[in-house]
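Comments concern the structure below.
There are 2 protein chains.
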Amino acid sequence: MQDEIAACCPPVTSAELSETDAVRMAAMFKALGDPVRLRLFSKVASHAGGEACVCDIQDVGVSQPTVSHHLKKLREAGLLSSERRGTWVYYRVEPQVLAAMSLLLGGSAS
Amino acid sequence: MQDEIAACCPPVTSAELSETDAVRMAAMFKALGDPVRLRLFSKVASHAGGEACVCDIQDVGVSQPTVSHHLKKLREAGLLSSERRGTWVYYRVEPQVLAAMSLLLGGSAS
DNA sequence: CCCTTAATTCGACACTTGTCGATACAGAGA
DNA sequence: TCTCTGTATCGACAAGTGTCGAATTAAGGG
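First to last, the sequence lines map onto chains A and B.
Remember, our numbering sits 1191 above the position in the first sequence when you count from 1.
Remember, our numbering sits 1191 above the position in the second sequence when you count from 1.
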């Protein structure tokens, strides 16, 4: 298992990143590089059941369109996935991507 | 040991980030959110002896002033430290910060 | 001193990003 | 079908970012 993680990348301390890998990984880090986005991500990640409705997490001090915009960015970066169920849209964390980032930074895969 | 790491933060999956912690951590992720910067960081981190002279790592496809600019950003984010020795300036990774990010993403501290 | 090499700082500019209000879309119920 | 609530998209704009060439500082060697 975890083939996708193995694909990219070993810890930064062990080998130099290729340009392509750097582009891929930088996009993920960039997605967490905004305080509002990081908080949204954190709210989803720590929410009971592993998923959260937008309505559960949208209290981060910015307007509703801005929340939606940031969630889209997190989705495009592959960090979150979304699913509509009835009126509500639920977001959940993509664990492989999270693990890949953690691994790159030198931690063990969770 | 690792008091600074413990100070910020437990894994995202275990608790929601405060606004202040989100600002602190987002700044670190942001620093790695550029491909050129991530490559520079990777080159320093994987360099023999745990440190690298600017001249060792400046071949990343952008001009030398741009390299210097990115290294400054990484320094300001606390990810790298620098020291001048004679003509050359050496950069090295700050391990606590790296560990804090990895921990936040759910990996074990390295 | 002057010259050479290493690295940073400066000034400028195109491009990206975060934010908002207004608007549109989706589903559930009356 | 009309309305209400939840979410996404649009259009606009100020602020931030990555990049460069030119100029500057730092250190060493003639």
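Beta carbons are placed, not taken as given, at the ideal position from N, Cα and C, and that holds for glycine.
Setting aside the 5 residues that flank it on each side, Met-1292 of chain A is surrounded in the same chain by Met-1219, each with a C-beta closer than 6 Å to its C-beta; the list follows chain order.
The CB of Thr-1257 of chain A never comes closer than 8 Å to any CB in chain B; the least such distance is about 15 Å. Taking 8 Å as the Cβ-Cβ cut-off, the stretch 1264-1277 of chain B has no residue approaching chain A.
Proximity of Ala-1198 of chain A to chain B, defined by a Cβ-Cβ separation below 9 Å, is not satisfied. Annotation: Arg-1228 of chain B to Gly-1252 of chain A spans about 30 Å, alpha carbon to alpha carbon. Under the criterion of beta carbons closer than 8 Å, Ser-1233 of chain A and Ala-1213 of chain B qualify as touching, at roughly 7 Å. If you look at Val-1284 of chain B, you'll find it in the beta strand (DSSP E) that goes 1279-1284. Counting only runs that start and end inside the stretch 1199-1249 of chain A, the alpha helix (DSSP H) elements of at least 4 residues fall at 1210-1222, 1226-1236, 1245-1248.
The C-beta of Arg-1230 of chain A comes closer than 9 Å to at least one C-beta of chain B.
Neighbourhood of Ala-1239 of chain B in chain A, by CB distance below 7 Å: empty, with the nearest CB roughly 11 Å away.
For Ser-1272 of chain B, the enclosing beta strand (DSSP E) has its first and last residue at 1271-1276. For the pair of segments examined, the stretch 1270-1287 of chain B was found not to touch the stretch 1271-1278 of chain A: the number of CB pairs separated by less than 8 Å stays below three. Burial state of Pro-1226 of chain B is buried, judged by a 10 Å Cβ sphere holding 16 or more other Cβ atoms. At a beta-carbon threshold of 8 Å, the residues of chain B lying near Asp-1225 of chain A are Ala-1217, Lys-1221, ordered along the chain. Taking the Cβ atoms as the reference, Thr-1204 of chain A lies roughly 6 Å from Ser-1237 of chain B, within the contact range of under 8 Å. Listed along the chain, the chain A residues whose CB falls inside 7 Å of the CB of Ser-1293 of chain B are Ser-1293, Leu-1296, Gly-1297, Gly-1298.
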